[in-house]
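*Asks:*
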Amino acid sequence: MPALSVHLTRLQPLAVMLGLAFGLGLLTACSDSNQGPSWPLLTDCDLHQQACRHQQNSQQVNLSLSPQPVPIARPINVQVELAGFEDVSKIELDIAGINMYMGYNRVNLSADTADLYTGQTMLAFCTNEVMQWQVTVLVHDHAGLVTQIPYLLETRNR
């Protein structure tokens, strides 16, 4: 029995090293390596009243939601118009609650033209009087990079 104890004691450092290497491998595999640029949150435009334009350098994204004001728990038409982007493979719209987790809400938009994408989504009903949403346009390119363009939307429980 003492011989087994000596062998186990010698194997402990190896087991720890293998465990750390495995854990590091998992973290690396789960990292968001395709993360492209993330633009700052656009807060000075009201999606309830108008299309909102977000611009960074030579790139521009116009987001329009209708009907206006934007309804809760009813279909919402989405229109995204791009300028200055090349090699776009796909556009998605992600809606996330800021002041409360509201679940996963991401839709693929259809290309009407090379620079115009449309689709439908819906805001979940929330019991909060005021709900803040981050509405993010995700621009995917063929290299796998994803540019995030976030907009602020605030709804009131009507």
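Under the numbering used here, residues 51 to 208 are what the sequence shown spells out, in order.
For each residue, glycine too, the CB sits at the ideal point set by N, CA and C.
Between L195, A133 and I122, which lies nearest to G147 when the distance is taken from Cα to Cα?
*Replies:* Your numbering for residue 147 matches position 97 in the sequence shown. For G147, the nearest C-alpha among the options comes from I122.
*Asks:* Would T186 be called buried (16 or more neighbouring beta carbons within 10 Å of its own) or exposed?
*Replies:* Sequence index remark: in the sequence shown, residue 186 carries index 136 (1-based). So T186 counts as buried.
*Asks:* For the beta strand (DSSP E) containing S108, name the first residue and the last one.
*Replies:* Position 58 of the sequence shown, counted from the start, is the residue given in the question as residue 108. S108 -> no beta strand (DSSP E), and no H or E assigned at all.
*Asks:* Give the DSSP-derived three-state secondary structure of W34 in the structure shown.
*Replies:* Past the edges of the chain, shown from 51 to 208, lies residue 34, and the structure says nothing about it.
*Asks:* Distance, Cα to Cα, A161 vs M150?
*Replies:* To locate residue 161, count along the sequence shown from 1; it is residue 111. To locate residue 150, count along the sequence shown from 1; it is residue 100. Using only the alpha carbons, I get a separation of about 31 Å.
*Asks:* Quick one: what's got a C-beta closer than 8 Å to Q170's C-beta in the same chain, skipping five residues either side?
*Replies:* Translated into positions along the sequence shown, residue 170 becomes position 120. Only P125, I126, N127, V128 and V157 meet the Cβ criterion.
*Asks:* Since N158 sits in a beta bridge, which residues does DSSP pair it with?
*Replies:* Within the sequence shown, residue 158 is the residue found at index 108, counting from 1. Residue pairing from DSSP places N158 in a beta bridge opposite E142.
*Asks:* For the beta strand (DSSP E) containing Q198, list its first residue and its last residue.
*Replies:* Within the sequence shown, the letter at position 148 stands for residue 198. V196 to R206 is the span of the beta strand (DSSP E), which, as asked, contains Q198.
*Asks:* Three-state secondary structure (DSSP) at V66?
*Replies:* In the sequence shown, the residue the question calls residue 66 occupies position 16. For V66, the predicted structure reports a pLDDT of 48, less than 50, and the residue's modelled location is therefore unreliable. The matter cannot be settled from this model.
*Asks:* Which same chain residues, not among the five before or five after L166, have their C-beta less than 6 Å away from its C-beta?
*Replies:* As a working note, residue 166 is residue 116 in the sequence shown. Hits under 6 Å: E131.
*Asks:* I need the straight-line Cα distance from P119 to I141, nearest angstrom please.
*Replies:* Within the sequence shown, residue 119 is the residue found at index 69, counting from 1. Within the sequence shown, residue 141 is the residue found at index 91, counting from 1. Spanning the two alpha carbons is a distance of roughly 24 Å.
*Asks:* Taking 9 Å as the threshold (beta carbon to beta carbon), is I145 in contact with chain B?
*Replies:* Of the chains in the structure shown, none is chain B; there is only one protein chain.
*Asks:* Going by Cα to Cα distance, which pick from R206, R103 and V111 is closest to C176?
*Replies:* Taking the sequence shown and counting its residues from 1, one reaches residue 176 at position 126. Closest option to C176, Cα to Cα, is R206.
*Asks:* Here's the rule: buried if 16 or more other CB atoms are within 10 angstroms of the residue's CB, otherwise exposed. What is V111?
*Replies:* Counted from its first residue, the sequence shown places residue 111 at position 61. Classification for V111: buried.
*Asks:* Could you give the distance in angstroms between the alpha-carbon of D96 and the alpha-carbon of I199?
*Replies:* Sequence index remark: in the sequence shown, residue 96 carries index 46 (1-based). Sequence index remark: in the sequence shown, residue 199 carries index 149 (1-based). Cα to Cα, the separation comes out at about 15 Å.
*Asks:* Below 9 Å between beta carbons: does that hold for S114 and C102?
*Replies:* Translated into positions along the sequence shown, residue 114 becomes position 64. Translated into positions along the sequence shown, residue 102 becomes position 52. Yes, the Cβ-Cβ distance between S114 and C102 is below 9 Å.
*Asks:* Considering only residues of the same chain and omitting the five flanking positions on each side of L173, which have a CB-CB separation below 6 Å?
*Replies:* Indexing the sequence shown from 1 puts residue 173 at position 123. Hits under 6 Å: I122.
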